[in-house]
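**Q** One structure follows; several queries about it will come next.
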Amino acid sequence: MDRRRTEKNDETSAQGRPTLKTLAFMTGLGVTTVSRALKDAPEIGAETRRRVQLVAKQIGYRPNRAGVRLRTGKTNVISLVLNTEQEIMSFVSDIIYGVSEVIADTPYHLIVTPYSRSQDPLDPIRYLVETGSADGVIISRTQPNDARARYMLEHGIPFATHGRTDMGLVHPYHDFDNHAFAVEAVRRLASMGRRKLALLAPPVGLTYHGHTVNGFADALSEVGASEVPFSTVSIDHSIEQIRTRTAQLMRRDIRPDGFVSSAAAATLALVAGIEDAGLKLGRDVDIVSKQSSDLLHLFRPELLIVNENFRLAGSELARSVLGWISGAAPGSLQSLSVPGEVLAYQRSTD
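Sequential numbering of the sequence shown, starting at 0, is according to numbering that gives the first Met the number 0.
This is the structure in structure tokens:
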């Protein structure tokens with residue numbers, strides 16, 4: 000009875016929307032044959048499957064999700080859970096693009112599940128799991144001991160994290176090597192004669208805060224430079240807060256002559272604070288900053304850049320979730336991006 004009802008759901012739809020009956024009429028096949036061809040049923044010939052799927056793509060046929068869920072127990076949904084206040088410079092659009100690119104030729108659809116910093120980050124995960132709203136989940140702002148990852152592991156829902164955990168549990172992830180980023184940034188500044196360095200770090204509590212801070216400290220020791228503490232703000236603070244604290248720091252007698260910045264938006268505020276203090280970028284101080292889009296050199300060509308590819312991150316995370324759903328071992332679905340070289344602006348000679 001349930002099966003008849005789900006087929007009925009898929010055969011009827013809002014006016015103008017292609018249905019299984021539409022496909023059956025256009026291909027001259029029965030509704031049941033069309034339905035099985037769309038699902039790659041082995042009993043349907045390869046040429047028939049190809050013809051049905053081609054027509055379905057041409058007319059924009061999409062299966063009724065309610066019917067699919069009743070029939071298979073799946074939602075065909077991947078949920079990307081995002082903090083609504085995350086960095087706006089390319090992160091959200093690029094990671095969504097990367098995920099969407101991978102799932103475009105699959106039955107899966109992407110939904111974005113937002114939450115705010117005032118909210119318990121576990122709340123949207125509980126909702127997704129308890130309501131069965133998604134077959135797989137992608138999360139960011141990963142913590143060393145992340146309650147969300149533990150909860151999803153306990154409830155058996157496939158997921159991937161943007162960033163690593165450190166709680167002895169195996170799960171898929173994609174991460175950028177922030178330890179290596181900080182090391183290369185310090186080495187570059189030291190090669191330019193910068194000896195007093197400050198770090199504008201990720202917020203305390205996130206895993207990549209520790210990776211970045213440790214890389215910065217290791218490299219300082221390696222090159223014989225000293226740290227000028229700058230822990231009153233992180234890249235999570237507002238642009239105005241970072242600008243104000245930077246200006247205060249740069250007006251002191253002992254001030255940094257080099258910065259390592261973990262985010263492009265925060266770097267804009269660093270530059271503003273440096274200039275508020277009457278100092279000049281490239282003369283009095285240099286900055287090595289991460290960025291995810293080619294914007295910082297347009298803002299100040301003196302900036303030194305390391306690129307982080309969020310589109311790649313989205314693609315890798317989507318592949319990881321789909322892989323786990325398909326039965327791959329979680330430990331085989333982990334990837335780490337190594338930072339490229341520190342880039343300086345090259346003026347055209349034309």
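Cβ atoms here follow ideal geometry from the backbone N, Cα and C, with glycine treated the same way.
1) Could you compute how far the alpha carbon of P143 sits from the alpha carbon of P113?
2) Check whether the Cβ atoms of A262 and I241 sit closer than 7 Å, and answer yes or no.
3) What is the DSSP secondary structure of P300, counted as helix, strand or coil?
4) Considering just the uninterrupted stretch of the beta strand (DSSP E) at K289, what are its terminal residues?
5) By the three-class DSSP mapping on this structure, what secondary structure does I77 have?
6) Does the Cβ of G204 have 16 or more other Cβ atoms within 10 Å, making it buried, or fewer, making it exposed?
7) If I'm right that S117 touches T83 with Cβ under 8 Å, what's the distance once you round it to whole angstroms?
8) In angstroms, rounded to a whole number, what distance separates the CA positions of A218 and S334?
9) Between L269 and T245, is the Cβ-Cβ spacing less than 7 Å?
10) For R125, does the count of other Cβ atoms within 10 angstroms reach 16, so buried, or fall short, so exposed?
11) At what residues does the alpha helix (DSSP H) containing F180 begin and finish?
12) By how many angstroms is the C-alpha of P106 removed from the C-alpha of G313?
13) For G257, write down the residues that DSSP places opposite it in a beta bridge.
14) Hey, how far is the Cα of A351 from the Cα of G257?
15) So V259 and A181 are supposed to be a Cβ contact under 8 Å. How far apart are they, rounded?
16) Between H208 and E315, is the Cβ-Cβ spacing less than 7 Å?
17) Looking at C-alpha atoms only, which residue of E301, S139, D293 is the closest neighbour of I279?
18) According to DSSP, is E100 helix, strand or coil?
19) Which residue comes first and which comes last in the alpha helix (DSSP H) that contains S334?
20) According to the neighbour-count rule (16 or more other Cβ atoms, all chains shown, within 10 Å of its Cβ), is K31 buried or exposed?
**A** In brief:
1) Along the sequence shown, one-based indexing puts residue 143 at 144. Along the sequence shown, one-based indexing puts residue 113 at 114. When rounded, the distance between both Cα atoms is 21 Å.
2) The count along the sequence shown starts at 1 and reaches residue 262 at position 263. The count along the sequence shown starts at 1 and reaches residue 241 at position 242. Cβ atoms of A262 and I241: not closer than 7 Å.
3) In the sequence shown, residue 300 corresponds to position 301, counting from 1. Residue state, collapsed to three classes: coil.
4) Here the question's residue 289 lines up with position 290 in the sequence shown. Start and end: 285-290.
5) Numbered from its first residue, the sequence shown carries residue 77 at position 78. In this structure, I77 counts as strand in the three-state DSSP scheme.
6) Along the sequence shown, read from residue 1 onward, the residue named residue 204 stands at position 205. By the neighbour-count rule (16 or more Cβ atoms within 10 Å), G204 is not buried but exposed.
7) For this step, residue 117 is matched to residue 118 along the sequence shown. For this step, residue 83 is matched to residue 84 along the sequence shown. With a Cβ gap of about 10 Å, S117 and T83 do not count as contacting.
8) Looking up residue 218 in the sequence shown gives position 219. Looking up residue 334 in the sequence shown gives position 335. Those two C-alpha atoms are separated by around 24 Å.
9) Locating residue 269 in the sequence shown gives position 270, counting from the first residue. Locating residue 245 in the sequence shown gives position 246, counting from the first residue. Contact: yes.
10) Mapped onto the sequence shown, residue 125 falls at position 126. R125 is exposed by the Cβ-count criterion.
11) Locating residue 180 in the sequence shown gives position 181, where the first residue counts as 1. Unbroken alpha helix (DSSP H) run through F180: 177-190.
12) Indexing the sequence shown from 1 puts residue 313 at position 314. Indexing the sequence shown from 1 puts residue 106 at position 107. Cα to Cα, the separation comes out at about 18 Å.
13) In the sequence shown, counting from the first residue as 1, residue 257 sits at position 258. G257 pairs with L196, D285.
14) Nothing can be reported for residue 351, as the shown portion of the chain is limited to 0 through 349.
15) Here residue 259 corresponds to residue number 260 of the sequence shown, with the count starting at 1. Here residue 181 corresponds to residue number 182 of the sequence shown, with the count starting at 1. Contact flag correct, Cβ pair sits at about 6 Å.
16) Taking the sequence shown and counting its residues from 1, the one referred to as residue 208 is at position 209. Taking the sequence shown and counting its residues from 1, the one referred to as residue 315 is at position 316. Their beta carbons are not under 7 Å apart, which means H208 does not touch E315 by this criterion.
17) Along the sequence shown, one-based indexing puts residue 279 at 280. Reading the sequence as shown, one finds Lys at residue 279 and not Ile. It is E301 whose Cα lies nearest to the Cα of K279.
18) Stepping through the sequence shown from its first residue, residue 100 is reached at position 101. Helix, per DSSP.
19) If you number the sequence shown from 1, residue 334 lands on position 335. Not the alpha helix (DSSP H): S334 falls in the beta strand (DSSP E), residues 333-336.
20) As a position in the sequence shown, residue 31 is number 32, starting the count at 1. According to the sequence shown, residue 31 is Thr rather than Lys. Its Cβ having fewer than 16 others within 10 Å, T31 is exposed.
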